[in-house]
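S.K.: Here it is, the structure in full.
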Amino acid sequence: MTDDLREAFLRVRGEVGKAVVGQDGAVTGLLIALLAGGHVLLEGVPGVAKTLLIRTLSRTLQLETKRVQFTPDLMPGDITGSVVYDPTAGELVFREGPVFTNLLLADEINRTPPKTQSSLLEAMEERQVSAEGVTRKLPVPFLVAATQNPIEYEGTYSLPEAQLDRFLMKLVLDLPARDAEVEVVTRHAGGFDPRDLEAAGVAPVLDAATLAQAQNAVAEVTVSPDVLGYIVDLARGTRQSPSVRLGVSPRGATALLAASRAWAWLSGSTGVTPDHVQTMAIPVLQHRIQLRPEAELEGVGADAVLRSIVQQVQVPI
């Protein structure tokens with residue numbers, strides 16, 4: 002049964018590949034986030050298929066998906082919902098916002114001010130929305146996939162640290178290699194329409210029930226005390242690095258555990274190894290650390306700092 006579940010998840014990558022070219026790492030990262038029950042931040046310049054990737058993935062999973070285009074004038078109630086007057090019933094009623102879905106595509110999340118960005122905090126952490134003294138649970142599963150343009154682009158806002166910490170991982174979508182870009186152009190020359198995924202042959206593979214079974218299987222992946230200690234040592238290493246102003250919190254350590262477990266299961270292992278932890282370290286931790294100004298002036302990136310910490314922390318035998 003477990004092997005069948007794993008094979009189904011691996012088939013998702015093939016289906017997504019019918020519409021998205023050259024982003025296999027991002028697809029795998031999204032599958033890991035789904036298995037771990039976490040949210041994903043996708044960063045890349047415009048035009049690298051961030052939105053198409055999420056739309057294609059949602060089709061293969063048969064999950065309800067809603068999209069919100071984040072703009073400077075977007076209000077918190079436009080996301081979570083608001084209380085409005087219903088003239089038919091003659092009373093105030095709560096009108097659900099787009100956050101009430103399985104997969105919320107928050108497109109260009111850093112183009113809206115922090116006040117609106119923070120409206121997602123409760124939904125991402127507690128899987129619920131509170132309004133007018135009433136708490137409403139969100140559907141299960143619930144995942145936020147947020148796209149973000151690099152911060153140096155005009156008209157963007159930095160995400161609050163509290164919100165960044167609620168993303169399980171950050172996936173960076175680079176420009177495709179030449180061969181992949183030729184394939185993209187060739188597909189469009191042949192009539193590919195990114196708005197018509199059915200015509201592209203993208204077929205449903207999983208559903209919410211299958212995803213829940215896979216998440217239960219991931220929870221059974223064993224983690225030895227030594228590997229747990231290794232995860233903690235990596236988190237503590239970020240707090241002790243001379244290049245880091247703000248290191249990884251305990252929430253970040255638990256996120257690294259969850260992602261490592263999911264990656265171990267997806268790769269066919271029954272237990273988490275240090276290799277699984279090292280693979281997940283950069284995507285899970287890179288958005289959780291803040292570098293000192295002098296490190297940024299020297300052009301040191303968060304990924305380079307994390308690679309150095311991974312090399313320095315002793316690996317359990």
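Heads up: the sequence shown runs through residues 2 to 318, numbered per my numbering.
Even for Gly, the Cβ is constructed at its ideal location relative to N, Cα and C.
1) Determine the contact status of residue 29 and residue 66, defining contact as a CB-CB distance below 8 angstroms.
2) For the candidate residues 244, 318, 195, whose alpha-carbon lies nearest to that of residue 49?
3) State buried or exposed for residue 244, treating a residue as buried only when at least 16 other CB atoms are found within 10 Å of its CB.
4) In the DSSP output, what is residue 96 paired with across the bridge?
5) Is it the case that the stretch 29-39 contacts the stretch 169-180, given that we only count it when at least three CB pairs across the two stretches are under 8 angstroms?
6) Name, in chain order, the residues that DSSP records as bridge partners for residue 44.
7) Hey, quick one: how far does the beta strand (DSSP E) through residue 312 stretch, first residue to last?
8) Spell out a yes or no on whether the stretch 130-145 and the stretch 99-116 are touching, meaning 3 or more CB-CB pairs, one atom from each, closer than 8 angstroms.
9) Can you name, in chain order, every residue of its own chain whose Cβ lies under 6 angstroms from the Cβ of residue 19, other than the five neighbours on each side?
10) Any heavy atom of the ligand NAD closer than 7 angstroms to the CB of residue 205?
11) Going by C-alpha to C-alpha distance, which of 123, 144, 231, 79 sits closest to residue 254?
12) Express the C-alpha separation of residue 6 and residue 212 in angstroms, rounding to a whole number.
13) Determine the DSSP secondary structure at residue 63, reduced to helix, strand or coil.
14) Is the stretch 20-27 close to the stretch 124-137, with three or more CB pairs under 8 angstroms?
15) Tell me whether residue 24 sits in a helix, a strand or coil according to DSSP, three-state version.
M.R.: Taking the structure as given:
1) Taking the C-beta atoms as reference points, residue 66 is found no nearer than 8 angstroms to residue 29.
2) 195
3) buried
4) 83
5) yes
6) 149, 173
7) Residue 312 -> not in any beta strand (DSSP E); alpha helix (DSSP H) instead, spanning 303-313.
8) yes
9) 201, 202, 203
10) Among the ligands in the structure shown, none appear at all, so the ligand NAD cannot be discussed.
11) 231
12) 9 angstroms
13) coil
14) no
15) In this structure, residue 24 counts as coil in the three-state DSSP scheme.
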